[in-house]
Amino acid sequence: MQGKIKTNIAILAIIPTAIIVIMLILSSIGSFNISLSGFTTAGSNNTTLMASVNVSETITLSLSAATINFGALVQGTANNTTNDAPNPFVLVNGGNIGIDLTIKMNQSPFSGTGSGNNTNTFRFKAGNCSTIVCGTGNSSFFNWGTSQTNFQNFTTVNQNLIKNLSYSSGNDVAEAEILLSVPSDESTGSKSVSITFTASKTG
Numbered sequence: 006m007q008g009k010i011k012t013n014i015a016i017l018a019i020i021p022t023a024i025i026v027i028m029l030i031l032s033s034i035g036s037f038n039i040s041l042s043g044f045t046t047a048g049s050n051n052t053t054l055m056a057s058v059n060v061s062e063t064i065t066l067s068l069s070a071a072t073i074n075f076g077a078l079v080q081g082t083a084n085n086t087t088n089d090a091p092n093p094f095v096l097v098n099g100g101n102i103g104i105d106l107t108i109k110m111n112q113s114p115f116s117g118t119g120s121g122n123n124t125n126t127f128r129f130k131a132g133n134c135s136t137i138v139c140g141t142g143n144s145s146f147f148n149w150g151t152s153q154t155n156f157q158n159f160t161t162v163n164q165n166l167i168k169n170l171s172y173s174s175g176n177d178v179a180e181a182e183i184l185l186s187v188p189s190d191e192s193t194g195s196k197s198v199s200i201t202f203t204a205s206k207t208g
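Residues in the sequence shown are numbered consecutively from 6, following this note's numbering.
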């Protein structure tokens with residue numbers, strides 16, 4: 006989206022996009038043996054049947070929306086998604102095991118003073134899913150103590166976001182909050198950045 010300049014104040018439209026779905030099938034969770042004994046009216050006989058089944062680990066990560074649109078921002082101002090305006094990324098663990106999530110950007114959305122890789126102009130953190138965003142009946146269940154729950158500068162390499170996001174239905178969602186601080190000398194125009202989330206088995 007291109008912001009319109011109606012006064013001498015420059016306007017920015019920032020539209021981060023996300024690289025979304027990651028689906029992996031890993032090694033099996035385990036093998037289970039089932040014993041079946043045959044019976045007759047005379048009692049149990051000596052026939053035993055063995056059956057086995059393998060349960061595979063599946064990692065499926067999805068987003069409720071692929072884009073966050075911050076709309077028009079003025080140089081020297083900041084905005085973030087913690088007030089749900091705009092909404093954050095909502096991450097959903099659709100697999101059958103707990104997962105760890107990492108996050109990275111492809112480049113800084115800004116070119117003004119103080120911007121670039123690993124600067125406070127573009128930041129992220131993990132958050133619990135609010136009822137405004139996720140509705141009732143959905144809650145976040147992950148390891149808060151080892152997840153990144155305070156705003157951290159984005160970099161172009163993977164960083165920890167969430168540890169052990171549950172796969173249990175109703176507890177399998179979490180938010181990735183985004184913060185933008187526009188440099189005071191940032192050029193006008195549309196700004197965008199790609200964000201990559203990567204999921205792996207908790208371990």
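No residue lacks a Cβ here, since even glycine has one placed at the ideal position from N, Cα and C.
If you're wondering where the values come from, they're calculated on a predicted model, not measured in any experiment.
Glu191 versus Asn92 - alpha carbon distance: 24 Å
Limits of the unbroken beta strand (DSSP E) element including Thr107: 104-110
Candidates Lys206, Phe202, Lys196, Thr207, of which the one nearest Gly76 by Cα: Lys196
Helix, strand or coil at Thr154 according to DSSP, with G and I counted as helix: coil
Thr118 burial status per 10 Å Cβ neighbour count (16 or more: buried): exposed
Cα-Cα separation between Leu184 and Asn101, rounded to whole angstroms: 31 Å
Spatial distance of Thr161 from Asn111 (CA atoms): 6 Å
Cβ neighbours of Arg128 in the same chain (closer than 7 Å, five flanking residues each side left out): Phe156, Gln157, Asn158, Phe159, Leu184
DSSP state of Asn169 mapped onto helix, strand, coil: strand
Ser2 classed as buried or exposed, judged by whether at least 16 other C-beta atoms fall within 10 angstroms: Because residue 2 is not part of the residues shown, which for the chain are 6 to 208, the question remains open.
Cβ-based burial, Asn122 [other Cβ within 10 Å; buried from 16]: exposed
Same chain, Cβ closer than 7 Å to Glu182, five either side skipped, listed in chain order: Asn85, Thr86, Thr87, Pro93, Phe129, Lys130, Gly132
Glu180 - partner residues in DSSP beta bridges: Val95, Gly132
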